[in-house]
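**Q** Let me give you the structure first, and then I'll get to my questions.
Number of protein chains: 2
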Amino acid sequence: MKRQSRPASASTSDAPSAITTPLLDPRLLRRVVVEAVAPEIDGGRFAIKRTPGEQVIVEADVYADGHHTLGATVLWRRRGDEQWHETAMTPLGNDRWRAAFAIGERRDYEYTVEGWIDRFESWRQELSKKVAAGQDVGSELQEGAHLIVTTASRASAADNKTLSGYAAALENTGAPADERVVTALDALLRELMSRHADRSSATRYAQTLRVMVERERARVGAWYEMFPRSATPDSSRGATLDEAAVLLPYVASMGFDVLYLPPIHPIGRTFRKGRNNALTPDAGDPGSPWAIGGPEGGHTAVEPGLGTIEDFDRFVDAARRHDLEIALDIAFQASPDHPYVTEHPEWFRHRADGTIKYAENPPKKYQDIYPFDFETDDWRSLWQELKAVIEFWIGHGVTIFRVDNPHTKPFRFWEWALSAIRARHPDAIFLSEAFTRPKIMRRLAKIGFSQSYTYFTWRNTKAELTEYFTELTQTDVRDYMRPNLFTNTPDILHEYLQHGGRAAFEARFVLAATLGASYGIYSGFELCENVPIRPGSEEYLDSEKYQIKPRDFTRADSLAELIAQVNAIRSAHPALQADRTLDFHETDNDQLICYSKRSPDGSDTILVIVNLDPHHMQHGWVHAPLAAWGLLPGPAVEVHDLLSDERYYWAGDWNYVRLDPQARVAHVLQIATGVESPNVK
Amino acid sequence: MKRQSRPASASTSDAPSAITTPLLDPRLLRRVVVEAVAPEIDGGRFAIKRTPGEQVIVEADVYADGHHTLGATVLWRRRGDEQWHETAMTPLGNDRWRAAFAIGERRDYEYTVEGWIDRFESWRQELSKKVAAGQDVGSELQEGAHLIVTTASRASAADNKTLSGYAAALENTGAPADERVVTALDALLRELMSRHADRSSATRYAQTLRVMVERERARVGAWYEMFPRSATPDSSRGATLDEAAVLLPYVASMGFDVLYLPPIHPIGRTFRKGRNNALTPDAGDPGSPWAIGGPEGGHTAVEPGLGTIEDFDRFVDAARRHDLEIALDIAFQASPDHPYVTEHPEWFRHRADGTIKYAENPPKKYQDIYPFDFETDDWRSLWQELKAVIEFWIGHGVTIFRVDNPHTKPFRFWEWALSAIRARHPDAIFLSEAFTRPKIMRRLAKIGFSQSYTYFTWRNTKAELTEYFTELTQTDVRDYMRPNLFTNTPDILHEYLQHGGRAAFEARFVLAATLGASYGIYSGFELCENVPIRPGSEEYLDSEKYQIKPRDFTRADSLAELIAQVNAIRSAHPALQADRTLDFHETDNDQLICYSKRSPDGSDTILVIVNLDPHHMQHGWVHAPLAAWGLLPGPAVEVHDLLSDERYYWAGDWNYVRLDPQARVAHVLQIATGVESPNVK
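The listed protein sequences correspond, in order, to chains A and B.
Under the working numbering, the residue at position 39 of the first sequence is numbered 39, and the numbers go up by one with no gaps.
Under the working numbering, the residue at position 392 of the second sequence is numbered 1392, and the numbers go up by one with no gaps.
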């Protein structure tokens, strides 16, 4: 429902200033309270996040003194537009109201709530009660006629005419009272009166809340992380980007959407790390891509071993032809050989002896890395330069960025930079690679990162997964923080994978790909690489960070087929493309985890059951809320295992499952819902 | 700890405006985040409530990017003062910080939180780690000296000199390194550096939060409600105030603090209600005091039967001599005979035929009551008049008001009126008599009512009492809504009292007086009056609202002695004078409820056990958290029943109790805590 914009009052009626003005401020006459609006992040300080096609379900407490009937509406518009759209809110009980609006375009939106006393509806209900009690309502009918006449004066000519007719009929004391009552309660009259309701004393919520709208890839995507240099035909040197492009069909065949590359820039030589993080590298050691910068250039240059910027452009184009988007790594730090070090020594901190401070976490020293001094006197030019780095790569066709350790740079730097970049490049997507304290991770999400790495890697039991993903998807965190679940990274090989064999990899893969609308794996995962540098460590042996690591992706025992199958299921099923509907279900065996996701319209329902024990067959009973979904009682419900193509028929909520990791670790079940169900939240 | 005020920046660093300024705003350099400050009501829109002597325990999330050590402080001051006081906050883990400040005076206060990167402390900790790892710290000592010199320049002359000495010692390369390290880690240096810490880039929380400070009676008090006209020696007429004053010693002897009188104004004659709410009164029927206004006057007049305004003044004085404060009823409505009706017909709503609308709740009609039209065109003069009514009675020595049905008048009227009155009369206390939906009751508390009636009367089982009082005392509701628990009112005789006999009255009395720092009884409760007008009704038979009701307060079976005893216990025990520490404890019998309250300093602990079954002996085991209170393990703990003066010795947390309603319904136990414990929240 659309309507004309009304002049927005600069201040809302809920401002305490209205109370203390010496003269009685007319805003004091606004009797309706609008409060506890949700979603709202930190009192409106931050935007909620959506993608086009998603809904914003708005709730608010709306009430007034006395016993009037109220009206309430969500006002929403694209940011920058003047005209508000409106969606009427419905009371839920206990003075709570709700309405939803849909995000139509990839533009930021804003919304707020307005409530008012609905004089006509109040009158209408009082009239009905008095009629029911057999009381004389002559006076009420006259009062109603007066209300209608007043309203008609605000209406269009056509509506004015219709309303005036109603008023006359109500006032026509010649007609029988019961006829006049029928007219008074007429549905068209009610609709017209609602359309032209007097909202001059309406209360508008004090905040205008924002929706940051990004393209769909910010919400859903399958990521593959790969060091292009490892795709080498000659193990004495790293692959070029042209050579690495040979792997694009392979990655695409598994159904990935995003190919994420660690930094592709020249790598420093000073204090370069050798294999397995050795302090003394061999001559041919390629170094860590995160030690950015050498004589050949810094954050806007391409490592010569990989090729030229033109080679990179070609690589991006080739990926695009395979429906793969390239994501680059943004690691704002410099090797001692970075051009910035000589050109802008003032961008770094210095020791008393004049040398530049390297990174430290006492007693550890990272002599190969110089952090930037974001508070340098010359901070403005540093900040602008770093923003320009990102814009440079946007200029080369990259709009997805995985940001390395954002939590060691000022929040306000990111908030400023991301906001400025998104204003010019709304396609840009930023993934926050922060594994740190919960509030810091959340803050990064609030200030504008599109997606966030999570603790998923370290959540392995049913209790851990249930608690953590309930927090991420069923609290207000879900409105600003989008998880991207990586099964592994070049830094994290969890002991569950080290000891669980192939079944552990399968289980963690299915969990990542079905718990998270966005998820990723790091190359080698599909080959079940699981050897740590030493017992108890989460670091890989022969870590690809420090050496070229060619792989045989054609191995018969690769998980590529399973991955392709699950990614195809993800693409076909809207239920798996968002996280808000995630719901965990009971099982009577703690090694069996069971959860569901549903599409927003309820038409697509996927139920997943995973055996978390990679070593033993586990069986037990799981609870699928078929009755709550409206599927039971009735004929048995068909559940279709999308992995095995088997079909089961379930006649009750509790059903028996048996998962032997030697055969399979999971059921991914489509529940036949028949007709479309009403919207689910 | 006090410090000089710093120039308050008009806007805080957390404002989004800092992000979007075209030039990089220096506020972007404020790296610390301060958020989730508590207590905070609706984003700072409303004040929290305290009385002098109470603490405000402030918590906040304070964190920054990177790995620095932070400092955080609560800033607080009396409203209107320029200078802030400071109390350093302590980290609680998970980036949460806490500090407390005490309310010293009956003036409103305000508070906020500031956080900053503590450069010296960060340096100090890094130094310690490097020393522990045996690393060379020559460069660090020089860096420290530089920090100290910079800080010294901001210090007083004396501190400057001391600090400069430290700097020289750190830089003295002639001295052994370990000696210089000892100097660097010196406690006095640390204290001086903390005192003069550089907070130019500190982040101040965006809101300045308010504390509404009222006198202690707003928090704690025992109320007695009495119709003065019933204290008559001649049942053919109501008592005068002089005659009613005879009861003052009786009320005072029970230990009450507040004597609350229903409206004392002239009572309307038109549509006057007779006995038991009859539509046709007898000639001598006195009418309901809430039908306010007659030829003799309205809200500022005294009903002639009670006496004159001088008689009233004398009554207030007499009460004061018995340490009783008079509370008046504020019922903003008029009888058809109220002078306002003729003098200000525009203050009322009119029907189509020109008559004034009486109160209705279809199909019910209340022809004896005219509500005011708070939205009348002449609303400003109506609002001012009603405020003046309250001020009139303040002029006659009354500062406690029980406000009748505030939820049927606009919230903003109350917010404006109460705020204006409190500004001139800070002693004024307002009790909200609203029995309506939860959010409306809370709103009235937020906008400035000192105390609130509650659902206590309708919470009778252990589960109901536990849930409700946990909500009132252990959620943020406690910071703005102070319950006043009435056992009964002229309108509410709960069926528990109707059917439970004397034991029910005893149990409900002990619950009210120990669950609530403020509580009240309505006259006749002590005589166990329990006859409803009809089965299933909560109305009294022969309700005192409509007739004179003389009572024999000297009856042997009166609860007056128990009441006096419990009120004396309340006065002697700080634990019972606030509600924040209320804690419910397990029992193995649902008819036995067990809870405790502790004084803020932990030195006074009262444990209450009530048998909720007025008909049968109940026994069972109750859990007293003696170990959690630090009293066990150790010698058996002495518990002293303040009602019976018996002493028990408890050696464990679980103890057996037996309560026979024929003998007694409750234990009110003082727990011997020995020495003072640390502050409890």
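Using N, Cα and C, we set each Cβ at its ideal position, and we do this for glycine too.
A quick note: this is a predicted structure, and the numbers were derived from the prediction, not measured.
Would DSSP call residue 1002/B helix, strand or coil?
**A** Here the question's residue 1002/B lines up with position 2 in the second sequence. Because residue 1002/B carries a pLDDT of 41, less than 50, the predicted location of this residue cannot be relied on, and the following value inherits that uncertainty. Note: residue 1002/B maps to strand in three-state DSSP.
**Q** Under the DSSP definition of a beta bridge, which residues are partnered with residue 618/A?
**A** Start at 1 with the first residue of the first sequence, and residue 618/A comes out as number 618. Bridge partners of residue 618/A: 659/A.
**Q** Using DSSP with H/G/I as helix, E/B as strand and the rest coil, what is residue 409/A?
**A** On the first sequence, residue 409/A is found 409 positions in, with the first residue counted as 1. In the structure shown, residue 409/A sits in coil (DSSP, three-state: anything other than H, G, I, E or B).
**Q** Would you tell me roughly how many angstroms separate the C-alpha atoms of residue 1157/B and residue 475/A, rounded to the nearest one?
**A** Working through the second sequence from its first residue, we reach residue 1157/B at position 157. Working through the first sequence from its first residue, we reach residue 475/A at position 475. Straight-line Cα distance between these residues: approximately 54 Å.
**Q** Specify whether the stretch 91 to 105 of chain A and the stretch 129 to 140 of chain A touch according to this definition: at least 3 beta carbon pairs, one from each stretch, less than 8 Å apart.
**A** No, they do not touch.
**Q** Does any residue of chain A have a CB that is nearer than 8 Å to the CB of residue 1453/B?
**A** Position 453 of the second sequence holds residue 1453/B. No, residue 1453/B lies away from the interface with chain A (no Cβ there is under 8 Å from its Cβ).
**Q** If residue 266/A and residue 225/A are in contact, beta carbons under 8 Å, what's the gap, nearest whole angstrom?
**A** The count along the first sequence starts at 1 and reaches residue 266/A at position 266. The count along the first sequence starts at 1 and reaches residue 225/A at position 225. With a Cβ gap of about 21 Å, residue 266/A and residue 225/A do not count as contacting.
**Q** Please compile the residues from chain B whose C-beta is within a distance smaller than 8 Å of the C-beta of residue 129/A.
**A** Taking the first sequence and counting its residues from 1, one reaches residue 129/A at position 129. What residue 129/A touches in chain B: 1362, 1363.
**Q** Which residues in the same chain have their Cβ closer than 7 Å to the Cβ of residue 471/A, if we skip the five residues on either side of it in sequence?
**A** Along the first sequence, one-based indexing puts residue 471/A at 471. The answer, listed in chain order, is 477.
**Q** What would DSSP say about residue 1467/B, mapped onto helix, strand or coil?
**A** The residue given as residue 1467/B occupies position 467 in the second sequence. It is helical.
**Q** DSSP on residue 1671/B, reduced to helix/strand/coil?
**A** Against the second sequence, residue 1671/B aligns to sequence position 671. Residue state, collapsed to three classes: strand.
**Q** Grouping DSSP H, G and I as helix and E and B as strand, with all else coil, what is residue 200/A?
**A** By 1-based counting over the first sequence, the position of residue 200/A is 200. Reduced to three states, the DSSP call for residue 200/A is coil.
**Q** Does DSSP put residue 1332/B in a helix, a strand or coil?
**A** Numbered from 1 along the second sequence, position 332 holds the residue referred to as residue 1332/B. Residue state, collapsed to three classes: coil.
**Q** Taking buried to mean at least 16 other C-beta atoms within 10 Å of its own C-beta, is residue 236/A buried or exposed?
**A** Mapped onto the first sequence, residue 236/A falls at position 236. Exposed, because fewer than 16 other Cβ atoms sit within 10 Å of the Cβ of residue 236/A.
**Q** So with CB distances below 9 Å, who are the chain B contacts of residue 63/A?
**A** Looking up residue 63/A in the first sequence gives position 63. Here the neighbours are 1437, 1439, 1440, 1443.
**Q** Does DSSP put residue 1193/B in a helix, in a strand, or in coil?
**A** Here the question's residue 1193/B lines up with position 193 in the second sequence. Reduced to three states, the DSSP call for residue 1193/B is helix.
**Q** Check whether the stretch 1605 to 1620 of chain B and the stretch 1586 to 1596 of chain B touch, using three or more Cβ-Cβ pairs below 8 Å as the test.
**A** Judged by Cβ distances under 8 Å, the stretch 1605 to 1620 of chain B makes contact with the stretch 1586 to 1596 of chain B, as three or more pairs qualify.
**Q** Grouping DSSP H, G and I as helix and E and B as strand, with all else coil, what is residue 1073/B?
**A** Here residue 1073/B corresponds to residue number 73 of the second sequence, with the count starting at 1. Residue 1073/B: strand per DSSP, three-state reduction.
**Q** Am I right that residue 1422/B and residue 1213/B are in contact with their C-beta atoms under 8 Å? What's the rounded C-beta distance?
**A** Counting from one through the second sequence, the residue named residue 1422/B turns up at place 422. Counting from one through the second sequence, the residue named residue 1213/B turns up at place 213. 10 Å between Cβ atoms; not a contact.
**Q** Distance check for residue 194/A and residue 145/A, CA to CA, integer angstroms please.
**A** Here residue 145/A refers to the residue found at position 145 of the first sequence. Here residue 194/A refers to the residue found at position 194 of the first sequence. So the two alpha carbons sit approximately 15 Å from each other.
**Q** Could you tell me the distance, in whole angstroms, from the CA atom of residue 1405/B to the CA atom of residue 1431/B?
**A** Residue numbering aside, residue 1405/B sits at position 405 when the second sequence is read from its first letter. Residue numbering aside, residue 1431/B sits at position 431 when the second sequence is read from its first letter. Their Cα atoms are separated by approximately 10 Å.
**Q** Taking a Cβ distance cut-off of 7 Å, strictly less, list which residues of the stretch 321 to 348 of chain A are near chain B, in chain order.
**A** Against chain B - using a Cβ distance shorter than 7 Å - the stretch 321 to 348 of chain A contributes no residues.
**Q** Counting pairs of Cβ atoms below 8 Å between the stretch 59 to 68 of chain A and the stretch 21 to 33 of chain A, do you hit three or more?
**A** The stretch 59 to 68 of chain A is in contact with the stretch 21 to 33 of chain A.
**Q** Using only CA atoms, which one of 387/A, 485/A, 547/A, 394/A lies nearest to residue 434/A?
**A** Within the first sequence, numbered from 1, the residue matching residue 434/A stands at position 434. Taking only the C-alpha atoms, the option nearest residue 434/A is 485/A.
**Q** Evaluate contact between the stretch 495 to 515 of chain A and the stretch 548 to 563 of chain A, counting only Cβ atoms and requiring at least three cross-stretch pairs below 8 Å.
**A** These segments touch.
**Q** Just the Cα atoms here: how many angstroms apart are residue 47/A and residue 210/A?
**A** Translated into the one-based positions of the first sequence, residue 47/A becomes position 47. Translated into the one-based positions of the first sequence, residue 210/A becomes position 210. Cα to Cα, residue 47/A sits roughly 5 Å from residue 210/A.
**Q** Pull up the CB-CB distance for residue 1273/B and residue 1253/B, whole angstroms please, since I reckon it's below 8 Å.
**A** Along the second sequence, one-based indexing puts residue 1273/B at 273. Along the second sequence, one-based indexing puts residue 1253/B at 253. Actually they do not touch by this definition, with Cβ atoms about 34 Å apart.
**Q** Hey, does residue 269/A have any beta-carbon neighbour from chain B nearer than 8 Å?
**A** What you label residue 269/A is simply residue 269 of the first sequence in a count that begins at 1. Cβ-Cβ to chain B under 8 Å: no for residue 269/A.
**Q** Could you name the residues of chain A that residue 1033/B contacts, counting a contact when the two beta carbons are closer than 7 Å?
**A** Indexing the second sequence from 1 puts residue 1033/B at position 33. The answer, in chain order, is 411, 443.
**Q** Of all Cβ atoms in chain B, is any one closer than 8 Å to the Cβ of residue 142/A?
**A** The count along the first sequence starts at 1 and reaches residue 142/A at position 142. Closer than 8 Å: yes.
**Q** Just how far apart, CA to CA, sit residue 87/A and residue 171/A?
**A** Counting from 1 along the first sequence, the entry for residue 87/A is found at position 87. Counting from 1 along the first sequence, the entry for residue 171/A is found at position 171. Cα to Cα, the separation comes out at about 33 Å.
**Q** What does residue 1133/B touch in chain A if you count any residue whose Cβ is under 7 Å from its own?
**A** The residue given as residue 1133/B occupies position 133 in the second sequence. Chain A residues near residue 1133/B: 362, 363.
**Q** Check whether the Cβ of residue 375/A lies closer than 8 Å to any Cβ atom in chain B.
**A** Residue numbering aside, residue 375/A sits at position 375 when the first sequence is read from its first letter. With 8 Å as the cut-off, residue 375/A counts as an interface residue toward chain B.
**Q** Give me whichever residues DSSP pairs with residue 594/A in a beta bridge.
**A** As a first step, residue 594/A must be located in the first sequence, where it is residue number 594. Residue 594/A is bridged to 585/A, 609/A.
**Q** Please identify, using Cβ separations under 8 Å, the residues of the stretch 150 to 167 of chain A that lie next to chain B, in order along the chain.
**A** Per Cβ criterion, the list is empty.
**Q** Taking only three categories from DSSP, how would you classify residue 489/A?
**A** Within the first sequence, residue 489/A is the residue found at index 489, counting from 1. Looking at residue 489/A - three-state DSSP - the assignment turns out to be strand.
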